[in-house]
Amino acid sequence: MKWNLDDIMPLDKFDDLYREVEGEIKTLEKWVERVNPKMSQKEFGEMLEFNERMGVKMAKLAYLPELVEAVDQKNQKAKLMKSRVDNLGLKVSDVATKLGLWIQGKREPVLDDQNAKRLLATIPDLEYGLKRSREGAKYSLNEREEQIIDHKDVNGVGVLGELREMIETEFEYRLVTSKLDKKISSQAELLAYVYSPKAEIRQAAYQALLKKQKEHLDKFFAIYQGIVKDWDYEARLRGYVSPISVRNWANQIPDEAVESLLKVCSHNLNIFQRYFKWKAKELGLKKLQRYDIYAPLQNKDKKITYEEAKRQVLSTLKEFSPEFEKKARKIIEEKHVDVMPGKNKRSGAFCATVAPEITPYILLNFTGKSRDISTLAHELGHGIHSLYANKHYPSSQQANLPLAETASTLSELILFEKMMKNEKNKEVKKAWLSDKVADAYATICRQNYFIKFEIEAHQEIEKGISAENLSKLYLGTLKEQFGNSVRIDPLFKYEWSYISHIFESPFYCYAYNFGELLSYALWANYKKEPEKWIKIIENILESGGSEDPQIVLKRAGVDISDDKFWQKSFETIKEWQNELEKL
Numbered sequence: 002m003k004w005n006l007d008d009i010m011p012l013d014k015f016d017d018l019y020r021e022v023e024g025e026i027k028t029l030e031k032w033v034e035r036v037n038p039k040m041s042q043k044e045f046g047e048m049l050e051f052n053e054r055m056g057v058k059m060a061k062l063a064y065l066p067e068l069v070e071a072v073d074q075k076n077q078k079a080k081l082m083k084s085r086v087d088n089l090g091l092k093v094s095d096v097a098t099k100l101g102l103w104i105q106g107k108r109e110p111v112l113d114d115q116n117a118k119r120l121l122a123t124i125p126d127l128e129y130g131l132k133r134s135r136e137g138a139k140y141s142l143n144e145r146e147e148q149i150i151d152h153k154d155v156n157g158v159g160v161l162g163e164l165r166e167m168i169e170t171e172f173e174y175r176l177v178t179s180k181l182d183k184k185i186s187s188q189a190e191l192l193a194y195v196y197s198p199k200a201e202i203r204q205a206a207y208q209a210l211l212k213k214q215k216e217h218l219d220k221f222f223a224i225y226q227g228i229v230k231d232w233d234y235e236a237r238l239r240g241y242v243s244p245i246s247v248r249n250w251a252n253q254i255p256d257e258a259v260e261s262l263l264k265v266c267s268h269n270l271n272i273f274q275r276y277f278k279w280k281a282k283e284l285g286l287k288k289l290q291r292y293d294i295y296a297p298l299q300n301k302d303k304k305i306t307y308e309e310a311k312r313q314v315l316s317t318l319k320e321f322s323p324e325f326e327k328k329a330r331k332i333i334e335e336k337h338v339d340v341m342p343g344k345n346k347r348s349g350a351f352c353a354t355v356a357p358e359i360t361p362y363i364l365l366n367f368t369g370k371s372r373d374i375s376t377l378a379h380e381l382g383h384g385i386h387s388l389y390a391n392k393h394y395p396s397s398q399q400a401n402l403p404l405a406e407t408a409s410t411l412s413e414l415i416l417f418e419k420m421m422k423n424e425k426n427k428e429v430k431k432a433w434l435s436d437k438v439a440d441a442y443a444t445i446c447r448q449n450y451f452i453k454f455e456i457e458a459h460q461e462i463e464k465g466i467s468a469e470n471l472s473k474l475y476l477g478t479l480k481e482q483f484g485n486s487v488r489i490d491p492l493f494k495y496e497w498s499y500i501s502h503i504f505e506s507p508f509y510c511y512a513y514n515f516g517e518l519l520s521y522a523l524w525a526n527y528k529k530e531p532e533k534w535i536k537i538i539e540n541i542l543e544s545g546g547s548e549d550p551q552i553v554l555k556r557a558g559v560d561i562s563d564d565k566f567w568q569k570s571f572e573t574i575k576e577w578q579n580e581l582e583k584l
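Under the working numbering, the sequence shown has 51 at position 50, and the numbering climbs by one with no breaks.
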């Protein structure tokens, strides 16, 4: 149950490939010198093909140490390899930036619109990406400035994120209750206790976490302030209308669609508030504390082996689509899944797509809980998506961020409904359904309010704000999302400082509510007309990143700028809550 990384390349071949790419930088430089508006499509196509092959080699060099380190975070060889790849990436980027600026018409000899139309159509699969790159000229700077920013991102602001991780990695927590006094060495291990059936343990876990964040608030605030100021300065420099527009442009989603999403999610708070009031009654409480929102309804979870989880997921996917099952089985049978927790293994789960010709890799931390089977379905969904899109060129295989959650969330939904249908124990069904609504809260409402916090935080940091007042601002977002359904300990105002995404990828989190709600809508339509909608879903997945996602979704009858579309997706959550109350 360990993954086989030799399909990327054997570790002892790393240096050979590294030297090969170093040599190819000179070839890329020669291509840059040869480009001109009158060049033939044949010659331009050869250059694109070379660039794509070089991109795959760089991906192999980057992913191999990344995946080695994922299962052994103390692996010094992997850390050194990553550092070397960063340096090589900067050398490649210095040359590739020149090529990118030429395609945008911002470098001599200037590529005019007429010749651009002719050349960018050379390889149809790459045309959309190249046209979009040319459109992005409005946000590009001159060559020297772009090179400075590339180096600054790796050696400057990038180091701030690493510093934050180093600070948190060194934390030791103390979990103290009336019957327990335990030292815990990692945040991931500590956070497992927030799902404890015992209220005292849940509260102690959150307090251990948040008191440590408060203790080091000045450090986290200094790091966050640096990241925000860097992001916002660059956004202004490039001419974006707002800091979040940088992310929206990268995601190929218009500002209006994101505004619509955020607005509709905020308008549907009552569904989750209704759930929290219901849960308080189930737990015999007058009102939930914030410590209790992930409290299980059952004291004992159903244990499941990995083999049984695998069998259940594959058989369920096969009923939905034999092609889904075939692709999921391929990932497992090629030994591209690392399953069990390990001493120095990173927490959580992910799916990594290296290149079209390489089957995706999945990392799990499988402990036999019912939640773990959902995680397996989710990550296999990501891998299935990549395999549907593997007929594309490397740079057009990956779907843009919000669409990237489509197959993963769908796979979870398919599995969940099958498990609910087969389960006879009413209490088990109620517990699973409760967990599902709690997960919907975490993926939709919670992520929505991370974005709302970020929008305000970026505005206030620009004006000047203290760490304590920023924390009060975050507390205000908690009070808004919970209303009178949950009592919030003021200690939760420091929660923002451990949310990794707002440090590592500003405004990233709406990808989760976007992907979740989109999948709910597709699943609801599929249940009404399975034969019609399985083809539509597969077409969405097959498109990868080769087309404008708005066009891909419009073919499926989806308008992401329409409030009504997003509102319709909330009907699924309402149905779950209605069923919960009946159970």
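Positions of the beta carbon are idealized from the N, C-alpha and C atoms, including for glycine.
Take residue i as the anchor and find which of the options has the nearest alpha-carbon.
i: K575; options: R237, R275, H379 and L388; result: R275
i: T306; options: F367, Q568, V559 and W4; result: F367
i: Q399; options: A557, K264, H217 and L127; result: L127
i: P255; options: F45, V242 and V265; result: V242
i: G227; options: V160, R248, L270 and N249; result: V160
i: L191; options: V314, L142, S348 and E324; result: S348
i: I150; options: D219, E166 and W232; result: W232
i: V93; options: D73, K107, K118 and N52; result: N52
i: D13; options: T28, L49, M40 and K78; result: K78
i: K220; options: I168, F172 and C266; result: I168
i: S547; options: M48, K58, F571 and K132; result: K132
Given a threshold of 16 other Cβ atoms within 10 Å of its Cβ, counted over all protein chains shown, does residue i qualify as buried or as exposed?
i: L377; result: buried
i: I552; result: exposed
i: M82; result: buried
i: A408; result: buried
i: A71; result: buried
i: Q42; result: exposed
i: A138; result: exposed
i: I359; result: buried
i: E455; result: buried
i: G101; result: buried
i: Y521; result: buried
i: H268; result: exposed
i: P323; result: exposed
i: Q214; result: buried
i: I415; result: buried
i: K464; result: exposed
i: N5; result: exposed
i: P550; result: buried
Between the alpha carbons of residue i and residue j, how many angstroms are there, rounded?
i: I385; j: T478; result: 36 Å
i: A60; j: H393; result: 16 Å
i: D373; j: I333; result: 16 Å
i: V155; j: D87; result: 7 Å
i: R488; j: E481; result: 12 Å
i: N485; j: Y509; result: 28 Å
i: D95; j: R239; result: 19 Å
i: S316; j: R291; result: 38 Å
i: P491; j: L476; result: 7 Å
i: K319; j: K327; result: 8 Å
i: F277; j: L210; result: 23 Å
i: L65; j: V36; result: 33 Å
i: K311; j: E216; result: 43 Å
i: G516; j: Q448; result: 11 Å
i: P297; j: L120; result: 58 Å
i: R203; j: L471; result: 26 Å
i: A458; j: D16; result: 44 Å
If contacts are defined as beta-carbon pairs under 8 Å, then residue i and residue j qualify, I think. What distance do you get, rounded to the angstrom?
i: S371; j: K303; result: 5 Å
i: S562; j: E257; result: 5 Å
i: F504; j: G162; result: 6 Å
i: P38; j: P110; result: 6 Å
i: N514; j: L262; result: 7 Å
i: W577; j: L434; result: 6 Å
i: L105; j: S141; result: The residue asked about is misnamed: residue 105 is Gln in this sequence, not Leu. Between S141 and Q105 the Cβ distance is about 6 Å, and since that is below 8 Å, they are a contact.
i: G382; j: E413; result: 7 Å
Kindly indicate if chain B contains any beta-carbon less than 7 Å away from that of residue i.
i: K80; result: No chain B appears in the structure shown, which is made up of a single protein chain.
Exercise. Along the chain, which unbroken stretches of the beta strand (DSSP E) at least 3 residues long are found entirely within the segment 177-240?
Worked result: Secondary structure within the segment 177-240: the beta strand (DSSP E) runs of 3 or more consecutive residues, fully enclosed, are 182-185 (chain order).
Exercise. What are the uninterrupted segments assigned as alpha helix (DSSP H) that are 4 or more residues long and contained completely in the segment 474-560, given in chain order?
Worked result: DSSP runs (the alpha helix (DSSP H)) wholly in the segment 474-560: 501-505, 511-529, 531-543 and 550-556.
Problem set entry | Minimum length 3: unbroken beta strand (DSSP E) runs contained in the segment 16-43 | Taking 3 residues as the shortest admissible run, the segment 16-43 contains no complete beta strand (DSSP E) segment at all.
Exercise. Taking only runs of the alpha helix (DSSP H) that begin and end inside the segment 34-105, which ones reach a length of at least 4 residues, in chain order?
Worked result: 42-72 and 77-104, all fully within the segment 34-105.
For this session: Within the segment 240-327, note down every full beta strand (DSSP E) run reaching 3 residues or more, in order along the chain.
Result: Counting only runs of 3 or more, we get nothing.
Exercise. Taking only runs of the alpha helix (DSSP H) that begin and end inside the segment 431-481, which ones reach a length of at least 4 residues, in chain order?
Worked result: Runs found: 447-464.
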